[in-house]
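Report on one structure; see the data block that follows.
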Amino acid sequence: MRSIASWMPGLVVLAVSTVFAADSSLSKALSADGDHSYPYLTTPCRVTLLSANDGEIRFLHTRDGTRQEPVPDSITVIRLGPDHPPVSKTIAGTVPSTIYGAPHIVISADGRFGFVTNHSWRYQSAATQQQPPAEHLPNLLTVIDLAADDLSVLDQVKLPAEPWMVDLHPDGQKVIVAVGAGFHVYSVETGRVKLASEAKAPNRVTSFDVSPRGDRIVCVTVQFDGVASGEPHSNPEFHLFSLSGDRINHLHRINAVDDAAPIERLFSPRISPDGKRAIVLQDWGIGGKGTRDDVLIADLEREVPAITERVRQVADGLEGLAFHPSGRFAVISCLEKGADVVTTSHLAVIDLATRPARLVSHIPIEPIPEGIEFTPDGSKLFVGTTLANHIVVFDVDGFMLGRSPFVLPTGHAPSALALWSEHVAPGTR
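Here my numbering is used: the first residue of the sequence shown is 2, the next is one more, and so on.
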């Protein structure tokens with residue numbers, strides 16, 4: 002990690018490309034001699050992006066309110082590098098995924114395996130009476146061979162309850178999955194998944210994050226009240242767990258101090274690069290309400306960690322967030338509207354170098370921004386935009402996000418994003 006003050010000017014623009022030894026089409030693309038005078042997206046080192054795309058969105062929401070048939074869920078893998086144009090591949094119909102939940106999936110620390118969860122929960126209302134296809138609904142953890150030309154599925158584990166999210170274990174090879182009211186830790190041996198341990202949580206875990214220190218987990222738990230009422234959950238709580246090897250143990254609930262209360266419908270937490278703070282969003286990623294939601298910040302260094310700061314009225318619908326590797330600021334993807342309305346969404350920049358933290362800017366982006374990740378050196382930011390079917394790229398200069406003229410097309414409706422870089426050491430993100 003380097004500080005903002007040490008960034009070099011004139012950073013190279015990202016280029017999408019991933020080198021799979023088994024991918025002959027990629028090998029040909031990278032070895033082809035041609036005219037290099039054409040501008041294209043590059044990165045200082047090799048980068049892989051994995052996008053999980055929810056084809057169900059196509060029939061849930063359209064511009065004029067009419068329905069279209071869903072398309073198969075898909076995955077897109079994009080390879081970036083310093084000396085070739087972006088190289089990507091989209092495979093449909095092999096990996097179920099859903100937009101409902103925090104927009105995070107993971108790649109193993111060696112870049113070999115991708116992990117995507119899918120769950121069966123769907124919001125039901127008068128406007129969405131049509132049921133999605135059965136193949137969109139299993140509770141699954143899917144392991145993808147990122148070194149294969151066809152991005153083949155190595156294993157799919159059927160789970161006993163909804164797996165709302167997956168995160169990388171500190172060892173860089175195992176994964177931690179939120180399964181119902183608890184966690185499962187899985188190891189991967191020759192592409193096959195093996196259950197390493199289980200842990201219980203006070204209630205259903207809908208989103209969580211593993212500390213970069215590798216010793217703690219923060220998570221949001223809720224009580225599901227059913228879908229018919231239009232209110233999918235109640236009793237939101239924020240909890241802290243310890244992590245030692247494969248053992249996960251509950252420590253305590255994280256409450257808010259007076260000025261930071263109340264806690265309402267928490268969503269999509271992430272822990273800062275130094276492990277000292279956590280950001281958790283309000284209102285479960287629901288936009289289009291006509292009200293603006295707050296961002297909560299927890300101090301994990303206190304003797305009893307607590308939510309101590311509240312950044313008010315950031316946006317109508319807070320979906321995902323990423324800390325800059327410096328830890329000095331975070332960027333939040335803001336829906337502004339529901340997916341049924343085509344409009345401009347935004348990114349919000351939160352200054353964490355001040356106490357209390359403050360909202361400093363909004364940047365327009367295509368609707369609706371979901372997965373969001375920085376490169377480990379902090380020079381680039383990637384944001385998947387669901388209704389635009391592509392990933393937007395930003396160059397980072399201080400607190401400024403300068404939009405690249407290039408985008409990275411994906412399959413239909415990118416809903417979650419993972420990033421791997423050759424500069425990331427095993428056990429780090």
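Virtual Cβ for every residue (Gly too), placed ideally from N, Cα, C.
| Item | Value |
| --- | --- |
| How many Å lie between F242 and P263 at the Cα? | 22 Å |
| Looking at the structure shown, is A261 part of a helix, part of a strand, or coil, going by DSSP? | helix |
| Could you tell me the distance, in whole angstroms, from the CA atom of I366 to the CA atom of L402? | 12 Å |
| Among R193, D168, H137, N140, which residue has its Cα nearest to the Cα of V154? | R193 |
| If distances are taken between C-alpha atoms only, which option among V221, R266, K159 comes closest to K195? | K159 |
| With the cut-off set at 9 Å, would you say A417 and I100 are in Cβ contact? | yes |
| Cβ of V223 within 9 Å of Cβ of L169? | no |
| Please list the terminal residues of the continuous beta strand (DSSP E) segment that includes C220. | 217-225 |
| Please state the DSSP three-state secondary structure of H137. | helix |
| Since K381 contacts D396 with CB under 8 Å, what's their CB separation in whole angstroms? | 6 Å |
| Which of helix, strand or coil does DSSP assign to D295? | strand |
| Can you check DSSP and say which residues form a bridge with I287? | Answer by DSSP bridge pairing: none, since I287 is not bridged. |
| Have a look at D84 and T43 and give me their C-alpha separation to the nearest angstrom. | 7 Å |
| For Q314, count neighbouring Cβ atoms within 10 angstroms of its own Cβ and tell me buried if that reaches 16, exposed if not. | exposed |
| Would Q283 and D300 be called neighbours here (beta carbons separated by less than 9 Å)? | no |
| In whole angstroms, what is the alpha-carbon distance linking H391 and E304? | 43 Å |
| Rounded to whole angstroms, what is the Cα-Cα separation between R440 and G56? | Lying outside 2 to 430, the shown extent of the chain, residue 440 is not represented and no answer is given. |
| Pick out whichever of S198, V48, T309 has its Cα sitting closest to the Cα of D259. | T309 |
| Can you find a CB in chain D that lies within less than 9 Å of the CB of V72? | Here there is only one protein chain, and chain D is not present. |
| With three or more C-beta pairs closer than 8 Å as the rule, is the region 143-150 touching the region 105-116? | yes |
| Consult DSSP for L12 and reduce its assignment to one of helix, strand or coil. | Confidence at L12 is low in this model, with a pLDDT of 31, below 50, so the placement of that residue should be treated as unreliable; the coordinate-derived value is given next. Note: L12 maps to coil in three-state DSSP. |
| Enumerate in chain order the residues of its own chain whose CB-to-CB distance from G288 is below 7 Å, with the five nearest sequence positions on each side excluded. | D317, G318, L336, E337, K338, G339 |
| Taking just the CA atoms, how far does T191 sit from T49? | 21 Å |
| Would the beta-carbon of G372 fall within 9 Å of that of A419? | yes |
| Do D74 and A93 count as a contact pair if the criterion is CB distance below 9 Å? | yes |
| Pull up the distance between the alpha-carbon of T95 and that of A162, whole angstroms please. | 21 Å |
| If we ignore side chains and look at the alpha-carbon of each, how far apart do S126 and T292 end up? | At S126, the pLDDT of 44 sits below 50, so the modelled position is not reliable and the matter cannot be decided from this model. |
| Is A417 helix, strand or coil when you go by DSSP? | strand |
| Would you kindly work out how many angstroms separate the C-alpha atoms of R430 and F209, rounded to a whole number? | Note that R430 scores a pLDDT of 46, beneath 50, so its modelled location is shaky; the value from the coordinates is reported in the next line. R430 and F209: Cα-Cα distance of roughly 15 Å. |
| Which residues does DSSP list as the beta-bridge partners of V305? | Its beta-bridge partners do not exist; DSSP assigns none. |
| From P406 to F383, what does the alpha carbon distance come to, in whole angstroms? | 13 Å |
| Taking C-beta to C-beta, are S98 and N140 nearer than 9 Å? | no |
| Would you kindly work out how many angstroms separate the C-alpha atoms of L360 and D151, rounded to a whole number? | 43 Å |
| Can you tell me whether P213 is buried or exposed, with buried defined as 16 or more other CB within 10 angstroms of its CB? | buried |
| What residue does the beta strand (DSSP E) around R248 start on, and which one ends it? | 248-254 |
| Could you work out which residue in T77, P45, Y41 is closest to G412 when comparing CA atoms only? | T77 |
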